[in-house]
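**Student:**
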Amino acid sequence: MSRSLGMSYRLQDASFRIATTQAALDRIRSGVLLVDASGAVSFFNRAAGELLNATKAIGLHRRSDGRDELLCLRPAVNAALGNAIIGSLRTHSASAENFSKALHVPRGEGEPPLLLNFSPLPIENSFGIGTVSPAAIVFISDPARPLRVDEVLLRDLYRLTPTEIAVVRLACIGHTAPEIAAERGVNVETVRTQLKRVYSKTGTSSQAALVRLVYGLSSGG
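The letter at position 171 of the sequence shown is residue 174 when you use the numbering used here, and the numbering goes up by one with no holes.
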């Protein structure tokens, strides 16, 4: 299943390689939420629902207009969440160089924080329902249940080397180039060069696009 899905993604537009329907998003093992221009959550997939239901640290709050928005239990974290969403909505996807918005949401004692990554969507996208068109996408992941990167697909479809796949793994959990360099014990320029090679091989142009691709290749199963 994953292999056939991966082949279809290979044929899609390089700037938007994850599944472009909400039904497909629902098959992705990682949490995905779509946010409209007002900051309301217009859709969340099954995995996101499971993550939100399993914690009190973050959830959906019903606004006065009857729509839902993300809300964090801790005021400081909630303020950072609001800023991240606003920043993503104000940044046109064409000008977003990297996954510039990331947020750690603390949970209970002994539990690693949830990681949220925010990215703007193209003005014209295939995620809308009726007149509601999402303007940003939020990836939510639990480090206790790490993303299973399909190394075989990355190697066979895109000819990524083991080193490049290791860099992709770290990029997909929100690490910046300096953080990847520190984790791997190399200089930042080396990591940036490796990321550029990965972008070239996968047909992506930014860390955000790369993460969307990898999330798509990790669907199904």
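Glycine included, every Cβ here is placed at the ideal spot set by N, Cα and C.
Only a predicted model underlies this, so the values are computations on that prediction, with no experimental measurement involved.
#1: I need the boundaries of the beta strand (DSSP E) containing residue 120, first residue and last residue.
#2: Which residue wins for smallest C-alpha separation from residue 233, given the options 183, 107, 139?
#3: Thinking C-alpha only, which one of 116, 120, 136, 84 is nearest residue 105?
#4: Going by beta-carbon coordinates alone, are residue 170 and residue 194 separated by less than 8 Å?
#5: On the three-state DSSP scale, how would you describe residue 59?
#6: Between the segment 36–52 and the segment 65–78, are three or more C-beta pairs nearer than 8 Å?
#7: CB residue 226 to CB residue 181, shorter than 8 Å?
#8: Exposed or buried, which one is residue 78 when buried takes at least 16 other CB atoms within 10 Å?
#9: Give me the residue from 41, 54, 205, 201 with the minimum Cα distance to residue 66.
#10: Starting from the C-beta of residue 190, find all residues in its chain whose C-beta is less than 8 Å away, skip the five residues before and the five after it, and write them out in chain order.
#11: State the Cα-Cα distance for the pair residue 186 and residue 165, rounded to the nearest angstrom.
#12: Closest to residue 61 by CA distance: which of 107, 178, 49 is it?
#13: Between the alpha carbons of residue 49 and residue 118, how many angstroms are there, rounded?
#14: Can you tell me whether residue 196 is buried or exposed? The criterion is at least 16 other CB atoms within 10 Å of its CB, across all chains shown.
#15: Taking residue 217 as the reference, give the member of 188, 161, 199 with the closest Cα.
#16: Nearest to residue 167 by alpha carbon, out of 215, 83, 205, 201?
#17: So, with DSSP's three-state summary, where would you put residue 224?
**Tutor:** According to the structure data:
#1: 117–123
#2: Outside the shown range of the chain, which is 4 to 224, sits residue 233, and nothing can be said about it.
#3: Of 116, 120, 136, 84, the residue nearest in Cα terms is 120.
#4: yes
#5: In the structure shown, residue 59 falls within a coil segment according to DSSP collapsed to helix, strand and coil.
#6: yes
#7: The structure shown does not extend to residue 226, since the chain spans only 4 to 224, so no value can be given for it.
#8: exposed
#9: 41
#10: 184
#11: Roughly 16 Å separates the two Cα atoms.
#12: 107
#13: 17 Å
#14: exposed
#15: Measuring C-alpha to C-alpha distances from residue 217 to each of 188, 161, 199 identifies 161 as the nearest.
#16: 201
#17: With a pLDDT of 45 at residue 224, under the threshold of 50, the modelled position of that residue is not reliable, and the figure given next carries that caveat. DSSP places residue 224 in coil when its eight states are reduced to three.
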